[in-house]
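This report refers to the structure that appears directly beneath it.
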Amino acid sequence: MNFLVMGGFFLTEALKLLGHRVVRAETFLPPGAAEVELAAVLAQLPAADRPDLLMVAENLEFPRHLPLNLELIKIPRAFYALDPHLNLYWHQKYAANFDCVFTTQRTSMSAFRGRGRPVHWLPWSVDLGVTFDHSLPRRYEIAFVGRVDPKTRRKRHLILEALKSRVPLRVWGDRQDNEVSHQEMGRIYSQARVVVNEAIQGEVNLRVFESLAAGALLLTEDVGPNLQGLFTPGEELITFGPQDLLEKAAYFLNHEGERQAIAQRGRERVYAQHHTLARARQFLEYLGEEDWAWQAPDHLLLGQTLLHLAFRGLYPLRLGIARATFHLQEALRLHPASAPVYVTLGQLALLSRDLEGALAAYDQALALDPGDFHVHILRGHLLRHQERPVAAAAAFRQGLKLARQIPYQLRREMRGLLPQGMGTAAFLTCLGQIYEAQGLTLEPGYPPAPDPIFFTYAVEYYFRALELDPLYLPALQSLGRLQERHGFSCEAIACFERWTQLEPENPEAHWLLGQAQLKGYQPREGLKNLLLAQVLEPQRDLMDALRGLPLAPATLKTLLPQITAEELWPCQALPC
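The opening position of the sequence shown corresponds to residue 34 in my numbering, with each subsequent residue numbered one higher.
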């Protein structure tokens, strides 16, 4: 087969070894051009290289690259989502314009299905010519290679800090002067007895395959369904959670025979099934399974994709605006009564600093769909930005009227802040709670916008409220609870810690903090705060909380004697 590929498609060399012709579209990029023009590339290819498939793989560098005139190409088109756990918010829209979709994560497959489009799970794989077992002495007890930033990778930071407290750990990549190449990384893993791996959001990442290929025992975070069918936990690798990380790390460092046996089986599995040649064969099998139907372009979704990427700084701003404008005008030509097109045109106008154009687009969207509460709220922010408080308050009231399942007390509080309190932390927190009630909570990987004019999710309102007032308790409480419900316990810890500082005798604050810390790899602090909550409110059931996240018996036995009476009886709580 002949393939025209662009982006981070890591199977290129493997396909060539299997006898296929692979041409990279980027090689035709003219000097100074920002994007590949697919029609121009096809025109330059000789007839013998006419592609049977266009493969656009997500590129993980900045800026992102989206080829020009994708919608005009009549050959089969495939999209490969490499990091859907971080970028699903734009992947879904962009992938709708392809005839077939591949994804590295099993759990994201349902998000890409639609209009009869085939979706295939094609996990990461390792190039054994780059990363392999060098048969070196294993002089590192536990190793980790990757970015470590307490602000952007808080869970990773807490996992590594927990390990450092109990076992010898070597980290590479945590500083600019400590970064390593892929070849050096393979040598490091080949010298490690254990490699630890953290998942950002339940994904099976490339580190899983690389560390196993190098012959180390992989100690990886339990990610559930995404691991199923790839490896067998307990036989080819070891999974961990916050309740047993330290115990498993210590156990396998002290049981060399078991460590070696599991590491060997994991390496054999990678060498048999999870290298790039095997994955390329799997890719080819998927291509031959069924006939593809050419998908007509969805100009609205293409315009929304470009808008989101440009606004978030992931795509050149001027080019993004120009391309998004073209696609939205095409969408409007095909569907002149589409309210979502006008909403997106309004946001695009804001990106171009055309406030009047944005307002006109929002008004047109509401003329077509007057029941969209979100557009009324966006319109209210815009009017407030134009210093028209009375009109802004009216827009907010209309949005509040249309929002569903809002408690009476919240409606009353919101109305009481109009119009004088529209710029306060209290007002933004109320809006966040309203968006939560609509199910618009957060999107993993979706970066918060810097201005309420563009806000889409509750989490953005809470962050903005805390920028205005870092000690505003309702925003701290709402953000922490929201993060905890969505599985971001490590991020929720900061909110609950600040809550306990503001209200040191509040048992609920300590209770929620303790639960988040137990899930966030801080077992001692978590146990201490649960005990403190029980001291402050004796009817709380400590054992019920521990059953929800069972700590290993050895951990409880170690931690309980470390917690002193002074820690559980702060001066405010001492009996008279």
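Positions of the beta carbon are idealized from the N, C-alpha and C atoms, including for glycine.
- Here LEU565 has HIS543, LEU601 as same chain residues with Cβ atoms under 6 Å from its own Cβ, once five neighbours each way along the sequence are excluded.
- Contact between the stretch 112 to 130 and the stretch 475 to 487 is present, with at least three C-beta pairs closer than 8 Å.
- By the CB criterion at 9 Å, SER522 and GLY465 fall outside the cutoff.
- Cβ atoms of PRO156 and SER141 stay farther apart than 8 Å, at about 11 Å.
- Here ASN35 is not near ARG110, since their CB atoms are 9 Å or more apart.
- In the same chain as GLU493, and ignoring 5 residues on each side of it, the C-beta atoms closer than 7 Å to its own belong to PRO481, ALA482, in chain order.
- Secondary structure note for VAL241: its alpha helix (DSSP H) is the uninterrupted segment 239 to 246.
- For HIS519, no alpha helix (DSSP H) run applies, since DSSP gives it neither H nor E.
- Following the DSSP letters along the chain, one finds THR597 in no alpha helix (DSSP H), marked with neither H nor E.
- By the Cβ test, the stretch 241 to 250 is in contact with the stretch 283 to 299, since at least three Cβ pairs between them sit closer than 8 Å.
- Secondary structure at HIS418: helix, using DSSP grouped into helix, strand and coil.
- Within the stretch 352 to 399, complete alpha helix (DSSP H) segments of at least 4 residues are found at 372 to 384, given in chain order.
- Taking the Cα of HIS368 as reference, the smallest distance to any Cα among ARG302, ASP331, ILE271 is reached at ASP331.
- Rounded to whole angstroms, the separation of the alpha carbons of GLN276 and PRO556 is 8 Å.
- Under the three-state reduction of DSSP output, THR185 falls in the coil class, being neither helix nor strand.
- Of the residues assessed, LYS561 falls on the buried side of the cut-off, its CB having 16 or more other CB atoms within 10 angstroms.
- Annotation for HIS153: the continuous beta strand (DSSP E) segment containing it runs 152 to 154.
- Taking 9 Å as the cut-off, the Cβ atoms of LEU383 and ILE486 count as close.
- Where TYR173 is concerned, there is no enclosing alpha helix (DSSP H), although the beta strand (DSSP E) around it starts and stops at 173 to 178.
- Note that the C-beta distance between LEU335 and GLU104 is below 9 Å.
- Under the three-pair Cβ rule at 8 Å, the stretch 371 to 382 counts as touching the stretch 391 to 409.
- Beta-bridge analysis with DSSP links TYR113 to ALA90, PHE135.
- For ILE192, the three-state secondary structure derived from DSSP is helix.
- Three or more Cβ pairs closer than 8 Å define a contact, and the stretch 165 to 184 meets that threshold against the stretch 226 to 233.
- Per DSSP, the continuous alpha helix (DSSP H) segment holding ALA47 begins and ends at 45 to 50.
- Residue environment analysis places LYS126 among the buried positions, since at least 16 neighbouring C-beta atoms fall within 10 angstroms of its C-beta.
- ALA424 and MET447 have their C-alpha atoms roughly 16 Å apart.
- When C-alpha distances from GLN431 are compared across LEU584, GLN442, LEU451, ASP502, the shortest belongs to LEU451.
- For ARG412, the secondary structure class from DSSP, reduced to helix, strand or coil, is helix.
- Per DSSP, the unbroken alpha helix (DSSP H) holding ILE467 starts and ends at 458 to 470.
- Rounded to whole angstroms, GLU91 and THR533 show a C-alpha spacing of 42 Å.
- Counted as a single uninterrupted DSSP element, the alpha helix (DSSP H) harbouring VAL492 occupies residues 491 to 501.
- In this structure, the beta-carbon distance from LEU579 to LEU563 falls below 9 Å.
- Counting C-beta atoms within 10 angstroms of its own C-beta, ALA326 has fewer than 16 neighbours from the protein chains shown and is therefore classed as exposed.
- Under DSSP, LEU569 forms no beta bridge with any residue.
- Nearest neighbour of GLN224 by Cα position, chosen from LEU509, PRO170, PRO266, LEU270, turns out to be PRO170.
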